[in-house]
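There are 2 protein chains.
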Amino acid sequence: MLRIIFFLFLSVALHAQPNSSDKKQLKTFFDTSLLNGQAYEWLDYLTNRIGSRLSGSLGAERAVAWTKAELDALGLDRVYLQPVKVPKWVRGAKEFALIETAPGVTFNVPITALGGSVATPSVGLKAFVVEVQGIEELKALGREQIEGKIVFFNRPMQANLISTFQAYSGCVDQRYSGAKEASAYGAVGVIVRSMNLRLDDLPHTGAMSYGDQEVSKRIPAAAISTNAAEKLSKLLKLEPKLKFLFRQQCKTYPDVWSHNVIGEITGSEFPKEIIVVGGHLDSWDLGDGAHDDGAGVVQSMEVLRLFKATGYKPKRTIRVVLFMNEENGLRGGNAYADNALLTGERHIFALESDAGGFTPRGFSFNCSDEEFAQIESWKPLFKPYLIHYFEQGGSGADIRPLKNKYNVLAGLRPDSQRYFDHHHAENDTFDAVNKRELELGAATMTSLIYLYDMYGLAVPSDNTFAR
Amino acid sequence: MLRIIFFLFLSVALHAQPNSSDKKQLKTFFDTSLLNGQAYEWLDYLTNRIGSRLSGSLGAERAVAWTKAELDALGLDRVYLQPVKVPKWVRGAKEFALIETAPGVTFNVPITALGGSVATPSVGLKAFVVEVQGIEELKALGREQIEGKIVFFNRPMQANLISTFQAYSGCVDQRYSGAKEASAYGAVGVIVRSMNLRLDDLPHTGAMSYGDQEVSKRIPAAAISTNAAEKLSKLLKLEPKLKFLFRQQCKTYPDVWSHNVIGEITGSEFPKEIIVVGGHLDSWDLGDGAHDDGAGVVQSMEVLRLFKATGYKPKRTIRVVLFMNEENGLRGGNAYADNALLTGERHIFALESDAGGFTPRGFSFNCSDEEFAQIESWKPLFKPYLIHYFEQGGSGADIRPLKNKYNVLAGLRPDSQRYFDHHHAENDTFDAVNKRELELGAATMTSLIYLYDMYGLAVPSDNTFAR
Chain P
71 MLRIIFFLFL SVALHAQPNS SDKKQLKTFF DTSLLNGQAY EWLDYLTNRI GSRLSGSLGA
131 ERAVAWTKAE LDALGLDRVY LQPVKVPKWV RGAKEFALIE TAPGVTFNVP ITALGGSVAT
191 PSVGLKAFVV EVQGIEELKA LGREQIEGKI VFFNRPMQAN LISTFQAYSG CVDQRYSGAK
251 EASAYGAVGV IVRSMNLRLD DLPHTGAMSY GDQEVSKRIP AAAISTNAAE KLSKLLKLEP
311 KLKFLFRQQC KTYPDVWSHN VIGEITGSEF PKEIIVVGGH LDSWDLGDGA HDDGAGVVQS
371 MEVLRLFKAT GYKPKRTIRV VLFMNEENGL RGGNAYADNA LLTGERHIFA LESDAGGFTP
431 RGFSFNCSDE EFAQIESWKP LFKPYLIHYF EQGGSGADIR PLKNKYNVLA GLRPDSQRYF
491 DHHHAENDTF DAVNKRELEL GAATMTSLIY LYDMYGLAVP SDNTFAR
Chain G
71 MLRIIFFLFL SVALHAQPNS SDKKQLKTFF DTSLLNGQAY EWLDYLTNRI GSRLSGSLGA
131 ERAVAWTKAE LDALGLDRVY LQPVKVPKWV RGAKEFALIE TAPGVTFNVP ITALGGSVAT
191 PSVGLKAFVV EVQGIEELKA LGREQIEGKI VFFNRPMQAN LISTFQAYSG CVDQRYSGAK
251 EASAYGAVGV IVRSMNLRLD DLPHTGAMSY GDQEVSKRIP AAAISTNAAE KLSKLLKLEP
311 KLKFLFRQQC KTYPDVWSHN VIGEITGSEF PKEIIVVGGH LDSWDLGDGA HDDGAGVVQS
371 MEVLRLFKAT GYKPKRTIRV VLFMNEENGL RGGNAYADNA LLTGERHIFA LESDAGGFTP
431 RGFSFNCSDE EFAQIESWKP LFKPYLIHYF EQGGSGADIR PLKNKYNVLA GLRPDSQRYF
491 DHHHAENDTF DAVNKRELEL GAATMTSLIY LYDMYGLAVP SDNTFAR
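Just so you know, the protein sequences line up as chains P and G, in that order. Reminder that position 243 of the first sequence reads as 313 in the working numbering, one-by-one numbering, no gaps. Reminder that position 272 of the second sequence reads as 342 in the working numbering, one-by-one numbering, no gaps.
Below is the structure:
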């Protein structure tokens, strides 16, 4: 306890007092980002010239080459690729689905295969449908009511939760594990209501997993749009014996090599204390991955560019990492952390932007109470920029493997209301990103990275290798 | 001073402690708004079925009739129309403009007449152009460099200001007074860079005024898109002798009668203490007035509907006022306040939503320090909804005439980053409004109105008639 009080005192005395020079530095970052930013132009190229970037795809490889070239052009101290073996799942021909309420009476339905799913038979899969509100309902229904049928998971995202990410967390088990769970009761396929708070016609894809289920038992899984889910549910009440047909030709190939893209400015005083800022370079194959996570990629690149452009020379090593394969494997994040452990690199702080390019509201921190006290002392510096949200919690999927008991991880928290309108769907495109909102996010991130560079950890330790 | 301390004490002791019942009530409002809201459906009708609502237009009159009918259907205690005489300015045929860099070498330019402007000659107005960065430059240039020319006001909105409303305030004098000021130096017309932070092809209209200038001296004024302003500025550097041609057929007719639309729930304990919530029913004629101010209109209606729907019976009289003619005259706001003064109605609090239907961030309050202390004590109640912005400042144009030294006025403050992308332009349409963001705003407003209903003013006074 004395130790804690000592460190709190130390942190207040040595580190935590934001001063007028910090205030000025933050203003320089915000001014430069808003008046002469590069993030929006980068995002234009990444989404409109390269487009979607699913792991193992041509788009992903083009994104690796292009971001490396852009980082090279910034004149950083070191830019390199880190090899990562990634899964390669390919969607194949566009999916097709319909509801058949009586022979010859059909309604087409917007549908998308879930990432990792197996294909249907080439003529499609047609079966009766049983609707459930979640995995827990399967047991009550039992094999007799499920066998031979398509299970339709229709629990919607909860609209009265203020954080849409919380609403997502409350539903996504249906998408991720629904197929595996339903097949245990003899289901022949699974369709899921898209993870979307709006009622519209766009199906949203996303990762699913069969776990260690043997290949012969795997059943195809797909998502239908929210409007289609509403319609199917209503039709089922009128005609419980309706049939659903869907056809998808997706396939998993053997893993292939890809890369994390890394660039850094070497610290002038403490080069071995590494601060990471990043996002993930891969995206789903619908849309162009503009919010998820093109925004995080270009904002992270912009942090280092803003340091260069404003002449700020960091004391610690500032490293941008563009992670490969967040969406369907997290291989990039794991490989990065494994390598850091192997080489004994000391990461004191990491920040990820992977919640969209919307107006930034603050950060969530995975840290101790002592570290959080320092962070809270920085809050007044952010007030002029309406950055108010500083809470303990999660950080980001790609950086999470870096966590040890000494370091601090953080996630940018933009306004979340519109995020799931676009998430994993074909409307996750450049036009859905507002230039100023993207730039405010980049400046907000740069400001926090700057403060960690200036003041380091509140509770410094040399022993930060162990996880 | 003692009196102030006494009132501060009183307010803390009697009023200001948010309790668990307030907390529960706010959650009920948010839940109901997000799960069973009416605002979005109303906005759909107002924008897509009725459309634009410029004062004196058919759209404005249809909006009066429709909102009155909707308020009637809510079962309020009183719904009525308040007559207001409003200006009637009509755009006429679509405007036309081009840049002529040499005889026969022309570039078309998106243009819109400013509200209140006179027409050009029917063949158009063609003249040399002098570019300025603001009204203050006119004097330095003097009559010799301005006479016979079109003055091009090209000072952009300042992108590094975090509040886009502040950036707007820093430019809008060019639009509002540019024509009157330039004509004093012999200018024959005025074009203004649109009040828009984005570079795009949409011209943004808005109010201008000739003040008391005699009619024969009035010159036509129009706004060109930001892309066109950039292009014109660049071409002027290459060819200072280029000419600009524009044609507009707008016209001001004699004033006509219209109405404020008013509905109220009579207070059960203090019926003579009136609390107003409102927005303005009129809009510009480009677009459908979705953010400006369809959002404020439906959110204000939703406040009373949420009271009814949740069974909350107010102690004070809660009145929704849909003001006519905010955009080009403020006749509705003035008429409402004049009438309140005349009839001796006692308004203790008024809230306006006129800053777009984006994610709410908080409120700005026009009030004394004593009153603000009470407001600050309510902040913790709003934290679960990420409502964090509570500052002293302005309120809303329509309610401002109600201000006296006793009452409190407030304006909803949504996220402002995207607002001027749509403001007064043809893309201010329903699809630019997000359902959840609109609903969060309505619940936030309802919560504040509820708190004023519960606790009243921190410094109560019977003498609140005088302004």
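Even for Gly, the Cβ is constructed at its ideal location relative to N, Cα and C. Remember, it's a predicted structure, so these values are computed and weren't measured experimentally.
Does DSSP classify residue i as helix, strand or coil?
i: Tyr150/P; result: strand
i: Tyr280/P; result: coil
i: Ser434/G; result: strand
i: Trp354/P; result: coil
i: Ile519/G; result: helix
i: Glu309/P; result: coil
i: His302/G; result: At residue 302/G the sequence reads Leu, which differs from the His that was named. Here Leu302/G sits in helix by DSSP.
i: Arg245/G; result: helix
i: Ala172/P; result: strand
i: Ala410/G; result: helix
i: Thr387/G; result: strand
i: Glu422/P; result: strand
i: Val285/P; result: helix
i: Phe428/G; result: coil
i: Val367/P; result: helix
i: His329/G; result: strand
i: Ala130/P; result: helix
i: Lys505/P; result: helix
What residues from chain G crowd round residue i, counting only those whose CB sits closer than 9 Å?
i: His274/P; result: Those within 9 Å of His274/P in chain G number zero; the least Cβ separation is about 16 Å.
Using a Cβ cut-off of 8 Å, pull out every chain P residue sitting near residue i, in sequence order please.
i: Phe100/G; result: Asn230 and Ile232
Residues of chain G with a CB under 7 Å from the CB of residue i: which are they?
i: Asp485/P; result: Thr429 and Asp485
Since residue i meets chain G, which of its residues come closer than 8 Å, beta carbon to beta carbon?
i: Thr454/P; result: A quick correction: the sequence has Pro, not Thr, at residue 454/P. Ile232, listed in chain order.
i: Leu104/P; result: Ala229 and Asn230
Against chain P, does residue i count as a neighbour if the rule is that its beta carbon must be under 9 Å from one of theirs?
i: Tyr459/G; result: yes
Can you give me the C-alpha to C-alpha distance between residue i and residue j, rounded to a whole angstrom?
i: Glu372/G; j: Lys385/G; result: 18 Å
i: Leu421/P; j: Gln462/G; result: 34 Å
i: Leu315/P; j: Ala183/P; result: 13 Å
i: Ser264/G; j: Pro226/G; result: 8 Å
i: Thr336/P; j: Ser531/P; result: 20 Å
i: Ile445/P; j: Phe460/P; result: 8 Å
i: Tyr238/P; j: Lys475/P; result: 28 Å
i: His494/P; j: Gly432/P; result: 24 Å
i: Arg161/G; j: His350/P; result: 50 Å
i: Ser127/G; j: Leu208/P; result: 59 Å
i: Ile345/P; j: Ser338/P; result: 13 Å
9 Å is my cut-off, CB to CB: does residue i come that close to chain G?
i: Glu507/P; result: yes
i: Leu510/P; result: yes
Pull up the CB-CB distance for residue i and residue j, whole angstroms please, since I reckon it's below 8 Å.
i: Ser122/G; j: Gly359/G; result: 6 Å
i: Asn266/G; j: Phe490/G; result: 6 Å
i: Met278/G; j: Gly145/G; result: Actually they are not in contact, since the Cβ atoms of Met278/G and Gly145/G sit about 43 Å apart, beyond 8 Å.
i: Phe393/P; j: Gly357/P; result: Going by Cβ atoms, the distance from Phe393/P to Gly357/P rounds to 19 Å, so no, they are not a contact pair.
i: Val50/G; j: Ile220/G; result: Outside the shown range of chain G (71 to 537) lies residue 50/G, about which nothing can therefore be said.
i: Val262/G; j: Phe223/G; result: 5 Å
Would you mind telling me which residues of chain P sit closer than 9 Å to residue i, beta carbon to beta carbon, in chain order?
i: Asn504/G; result: Arg268, Gln487, Arg488 and Asp491
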